[in-house]
């Protein structure tokens, strides 16, 4: 079954809007970042209300996975939307979790030459990780990206239309890249090469720059009984210190502080790492429904990587990397999950007891 590409010419995606300070965790900052993100850049899930949900529903309808009732589409990600997304994921052997992130939105859209978006950035990053794309990552789907994609599709016998990144392409990428598989580590050279390639000839500058969305579909979690979340992490970096020192030499103390704050708020690409007290839980704990706060059925997905957090510390929908656990989605809350605590979903009670209580490093890879 091929995805419907009749509406791709409408160019759903505009130039990426980089959100300064998106990694800061105050409610107002997260809210501002939400508004600035484009379709596919933030995770959509059951209970979410957003204009992008309408775009998602339109894509699901175009691909015959959702039927519109009377009137216009609502902005609510309801159970019918979750079921349609899940059916689409099952149909194309994607990660099945009912969430709509990079993988699902990209697969539904069918990226092709001429597109420009965060989804293209993510595709280029994946192709670069696999050795097919060796140029500057700039979010533009140009001839070099197309050639890299076609080579990948040919090598993996992908059934999508040639040069179009559809569901079969994302299915193939799922098992091979670190974005979707926490057991695979992204090569460090990939990040370095993106900087080096920035000075490539003009004909290559039509191509792409780097983007990263932590694995969309790394799962989600149910309200945990015990743990979760973390203290706001330090926001300083070498770049911040350099900017601060420079401003001190050239201006007064007050001007220096202002420069430092601006430098700190603009470091949106930096991942934030914090130490949290961790416990583990299962979908079968006493009083647990097995359904997460964001609507994920953990009993039908026992191996899903989901963590419960304090939303004031780590926003729900964030992608996190947990020491000894892997990449997961912050998809749940819990009464005891306050401050610098985090609760990790595991498949069995034995695993939960064996995990016990310990401090772990948690890196926030992406916020919604």
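Residue numbers (mature numbering (1 follows the signal peptide of the UniProt record, and there is no 0)): -32 to -1, 1 to 336.
Cβ atoms here follow ideal geometry from the backbone N, Cα and C, with glycine treated the same way.
- With respect to the C-alpha of residue 295, the residue from 279, 302, 312 and 251 having the closest C-alpha is 312.
- In the structure shown, the three-state DSSP call for residue 37 is coil.
- Of the residues 256, 328 and 325, the one whose Cα lies closest to the Cα of residue 301 is 256.
- Distance check between residue 58 and each of 136, 254 and 325 places 136 closest, using alpha-carbon atoms only.
- Comparing alpha-carbon positions, the option among 60, 5 and 32 lying closest to residue 49 turns out to be 32.
- For secondary structure counted as the alpha helix (DSSP H) over 4 or more consecutive residues, the stretch 14 to 96 holds these complete runs in sequence order: 19 to 30, 47 to 59 and 70 to 77.
- Boundaries for residue 250: no alpha helix (DSSP H) harbours it, and the DSSP string shows neither H nor E there.
- Contact between residue 45 and residue 13 holds: their C-beta atoms lie close to 6 Å from each other, under 8 Å.
- Distances from the alpha-carbon of residue 331 to those of 306, 320, 318 and 281 put 281 closest.
- Spanning the alpha carbons of residue 323 and residue 274 requires a straight line of approximately 15 Å.
- In this structure, residue 110 keeps its C-beta atom at 8 Å or more from the C-beta atom of residue 118.
- In the three-state reduction of the DSSP assignment, residue 291 falls in the coil class.
- A straight line joining the alpha-carbon of residue 321 with that of residue 279 spans about 25 Å.
- Here residue 66 is not near residue 77, since their CB atoms are 8 Å or more apart.
- Secondary structure note for residue 331: its beta strand (DSSP E) is the uninterrupted segment 326 to 334.
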